[in-house]
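Just below is one structure, and these are the notes that go with it.
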Amino acid sequence: MYTISKKILNVVGRTNAAYNLISEGDKVLVGLSGGKDSILLSCILARMQAHAPFDFSFKATTVHYGLNEDLAWLTKLCAEQNIPHEILHTNIAQTIREKRREQSSYCSFCSRMRRGVLYNYALENGFNKLAIAHHLDDAVESFFMNFTYNGSLRSMPPIYKAENGLFVIRPLIHIRERQSIDFVKSQNIPTAPDCNCPAKQPDSDKPPIARLATKNFLKEMEQNNPRLFTSLKNAFCNLHANSFSDHAFLDAQGA
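Position 131 of the sequence shown, counted from 1, bears residue number 131 in the UniProt record's numbering, the numbering being contiguous throughout.
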């Protein structure tokens with residue numbers, strides 16, 4: 001099995017314990033895109049299954065967009081790492097071309113469809129939790145994008161219950177993106193190419209520039225304040241909702 005740093009394992013272990021993400025008897029479906037983060041998550045769950053003091057099962061599933069993407073390498077990787085794996089074939093790419101409104105976001109539309117495929121598979125096959133490989137950088141970028149583009153204070157929780165009753169969990173939510181990068185580089189692990197992303201196809205009229213701009217903005221901020229992400233992680237766990245103007249959280253209700 002691949003070698004995962006003790007620091008990563010400790011952070012994920014503490015996150016799992018703090019939010020009860022995976023526990024005895026859980027049946028977990030993992031969204032495995034073939035990117036660095038989802039490969040790290042799948043490898044961590046394989047290691048957890050072998051060493052955790054509780055029993056749970058998991059399976060990694062990869063959504064095939066219908067772009068003729070070759071996923072044989074990912075099937076081989078999973079087999080070598082004892083990761084149960086299945087490819088879910090879809091026509092998501094064609095649906096995007098036909099249904100997406102011009103100049104609307106590829107990423108949000110694609111994400112909803114991909115999540116729908118995973119939800120349906122999970123519910124039809126008895127899984128009670130869906131594990132997604134979002135990390136701390138994703139959560140921080142999402143916060144700033146909502147803050148600057150949508151006018152809302154919103155990020156990504158470690159766990160939430162979807163309307164269909166399925167629990168969505170993010171075991172890597174306190175891991176930095178650079179730790180995922182270091183993992184795949186140190187172990188010489190191949191990752192999915194950008195050409196597998198519908199938003200990066202030649203006919204795309206809406207490349208994902210907002211997230212890139214936010215990532216670059218945060219990179220510059222972190223250069224000036226190396227503890228930026230540590231501070232933001234702590235802030236996400238230390239909310240003072242009554243210090244804003246939302247009537248639902250004001251202390252002076254009825255005054």
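Cβ coordinates follow ideal geometry from the N, Cα and C atoms, glycine included.
Open item on the list: With a threshold of 8 angstroms, are at least 3 pairs of Cβ atoms found where one atom belongs to the stretch 41 to 59 and the other to the stretch 80 to 90?
Closed with: The stretch 41 to 59 is in contact with the stretch 80 to 90.
Task: With 16 other Cβ atoms within 10 Å as the buried cut-off, status of His240 - done: With fewer than 16 other beta carbons inside 10 angstroms of its own, His240 counts as exposed.
- [ ] From the DSSP output, in three-state form, read off Ser180 for me.
- [x] When DSSP states are grouped into helix, strand and coil, Ser180 belongs to the helix group.
Task: Cβ-based neighbour list, Tyr2, same chain, cut-off 8 angstroms, excluding 5 preceding and 5 following - done: The residues are Cys43, Gln81, Phe183, Gln187, Ile189.
- [ ] Let me know if Gln179 comes out buried or exposed under the rule of 16 or more other beta-carbons within 10 Å of its beta-carbon.
- [x] Residue burial annotation: Gln179 is buried, with at least 16 other C-beta atoms found within 10 angstroms of its C-beta.
Task: Gln187 beta carbon near the ligand GTP (any heavy atom closer than 6 angstroms) - done: This structure lacks the ligand GTP; in fact it carries no ligand of any kind.
- [ ] Output the residue ranges of the alpha helix (DSSP H) runs that lie fully inside the stretch 80 to 153 and measure 4 residues or longer, sorted by chain position.
- [x] For the stretch 80 to 153, whole alpha helix (DSSP H) runs of length 4 or above, ordered along the chain, are 92 to 99, 106 to 124, 136 to 145.
TODO: Would you tell me roughly how many angstroms separate the C-alpha atoms of Ala213 and Asp137, rounded to the nearest one?
DONE: Distance from the CA atom of Ala213 to the CA atom of Asp137, rounded to whole angstroms, is 13 angstroms.
TODO: Give me the Cβ distance between Val28 and Ile175, rounded to the nearest whole Å; I'm assuming they're in contact under 8 angstroms.
DONE: In this structure Val28 does not touch Ile175 by the C-beta definition: roughly 17 angstroms separates them, more than the 8 angstroms allowed.
Task: Pair within 7 angstroms by beta-carbon distance, Arg170 and Ile132 - done: A contact, by the Cβ cut-off of 7 angstroms.
TODO: Put Thr230 into one of helix, strand or coil per three-state DSSP.
DONE: Residue state, collapsed to three classes: helix.
Open item on the list: Can you look up Tyr160 in the DSSP assignment and give me helix, strand or coil?
Closed with: The answer is strand: DSSP assigns Tyr160 an E or B state.
Open item on the list: Rounded to whole angstroms, what is the Cα-Cα separation between Ala93 and Gly31?
Closed with: Here the alpha carbons of Gly31 and Ala93 stand approximately 18 angstroms from one another.
Open item on the list: Between Tyr19, Glu24, Phe167, which has its C-alpha nearest Phe54's C-alpha?
Closed with: Closest by alpha carbon: Glu24.
Open item on the list: One question on the structure: do residue 257 and Leu41 come within less than 7 angstroms of each other, judged by their Cβ atoms?
Closed with: The requested residue 257 is not part of the displayed model; the chain covers only 1 to 255.
Open item on the list: On the criterion of 16 or more Cβ atoms from any shown chain inside 10 Å, does Thr15 qualify as buried, or is it exposed?
Closed with: Residue environment analysis places Thr15 among the buried positions, since at least 16 neighbouring C-beta atoms fall within 10 angstroms of its C-beta.
Task: Same chain only: Cβ atoms within 7 angstroms of Tyr160, ignoring 5 sequence neighbours per side - done: Same-chain partners within the cutoff: Val168.
TODO: With DSSP collapsed to three states, give me the class of His51.
DONE: The answer is helix: DSSP assigns His51 an H, G or I state.
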